[in-house]
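Everything below concerns the one structure shown next.
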Amino acid sequence: MSSMSPTPAETSPSRTAAVIPAAGRGVRLGPGTPKALRALGGTPMLIHAVRAMAASRAVTLVVVVAPPDGAPEVKNLIADHSLPEHTDYLVVPGGATRQESVRLGLDALPEDVSVVLVHDAARPLVPVDTVDAVVEAVRDGAPAVVPALPLSDTVKEVEPGAPGEPEPVLSTPVRARLRAVQTPQGFDRDTLLRAHKAVAVDGEGATDDAGMVERLGASVVVVPGHEEAFKVTRPLDLVLAEAVLARRRANDGF
Ligand code: C5P
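The UniProt record's numbering puts the first residue of the sequence shown at 1, with every later residue one more than the last.
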């Protein structure tokens with residue numbers, strides 16, 4: 001944990017912070033340690049995600065939202081790893097849903113933060129250029145910015161049935177108009193706070209912060225995402241993540 005003297009970026013009116021919800025169990029990945037604490041290339045996924053945010057010069061604070069009973073463990077983990085020193089780190093306990101966890105992270109933000117990124121711990125390998133593009137679009141005036149990619153699969157809307165049973169197709173959206181959204185999503189802080197105040201947690205809660213801003217009627221824009229910003233959800237995603245890290249190591253060697 002670093003507590004540096006303020007740099008010009010930290011005292012500027014547009015200080016940027018990243019909130020990383022990392023309180024999920026990650027059941028789709030199989031039993032064991034909470035997903036964010038699983039190792040990738042020998043380093044916990046959460047540390048990769050924290051480094052990915054701190055890699056942006058714009059980000060001067062990272063707020064990690066830990067499993068509700070895991071904040072001390074996560075604090076120790078952050079203290080044990082080398083992280084950029086231009087960034088401060090805070091750890092707060094999370095909630096039962098992603099939406100609650102993000103809200104708890106937002107509650108911990110200091111007054112001088114005006115741009116907020118929300119980044120899934122489960123997207124450990126997002127490149128810094130994607131983070132910077134999102135920050136820049138918010139600083140240029142967009143209240144909500146989402147990195148996203150076109151889809152390679154065609155998507156069907158279905159009437160969900162029992163697992164394994166055939167499901168009736170309701171419609172086929174035009175693929176060229178669809179985007180798969182990633183994180184970090186970037187927000188004007190007040191807009192995101194208004195969205196979290198306005199949208200009550202319902203069931204599993206909102207899985208996407210930009211969707212909550214849309215429900216306010218505020219405009220949300222998409223910027224190009226990156227294939228390395230994929231979400232580690234299922235066991236095969238771990239294989240892909242290890243391969244991306246191996247390629248980066250090989251490239252760094254040249
Ligand atoms: O489960 P899913 O992969 O959609 O979770 C997305 C992100 O939200 C993960 O980084 C996960 O740790 C986080 N999360 C959380 N609090 C919860 C559930 C999920 O911070 N209660």
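Beta carbons: idealized from backbone N, C-alpha and C, even for Gly.
- Note that the segment 230-244 touches the segment 122-130; at least 3 beta-carbon pairs, one per stretch, sit closer than 8 Å.
- Three or more Cβ pairs closer than 8 Å define a contact, and the segment 39-55 meets that threshold against the segment 234-254.
- For the pair R189 and S101, the CB atoms are not nearer than the 7 Å cut-off.
- CA-to-CA, the gap between M212 and G253 works out to about 43 Å.
- Distance from the C-beta of D120 to the nearest heavy atom of the ligand C5P is below 6 Å.
- DSSP places T60 in the strand class (E or B) of the three-state scheme.
- Between the segment 87-101 and the segment 153-172 there are fewer than three C-beta pairs closer than 8 Å, too few to call the two in contact.
- Where V116 is concerned, there is no enclosing alpha helix (DSSP H), although the beta strand (DSSP E) around it starts and stops at 113-118.
- Setting aside the 5 residues that flank it on each side, V59 is surrounded in the same chain by T16, A17, A18, M53, T87, L117, V131, V135, each with a C-beta closer than 8 Å to its C-beta; the list follows chain order.
- Each residue's CA atom was taken as its position, placing A148 and G225 some 4 Å apart.
- Distances between the C-beta of P21 and the heavy atoms of the ligand C5P include at least one below 6 Å.
- V174 places its beta carbon 7 Å or farther from that of V146.
- P173 carries a coil assignment under DSSP once its states are collapsed to helix, strand and coil.
- Listed in chain order, the beta strand (DSSP E) runs fully inside the segment 84-172 are 88-93, 113-118, 144-150, 169-171, counting runs of at least 3 residues.
- Judged by their CB atoms, V62 and V50 are nearer to each other than the 7 Å cut-off.
- Counting along the chain, no beta strand (DSSP E) covers D69, and no H or E run does either.
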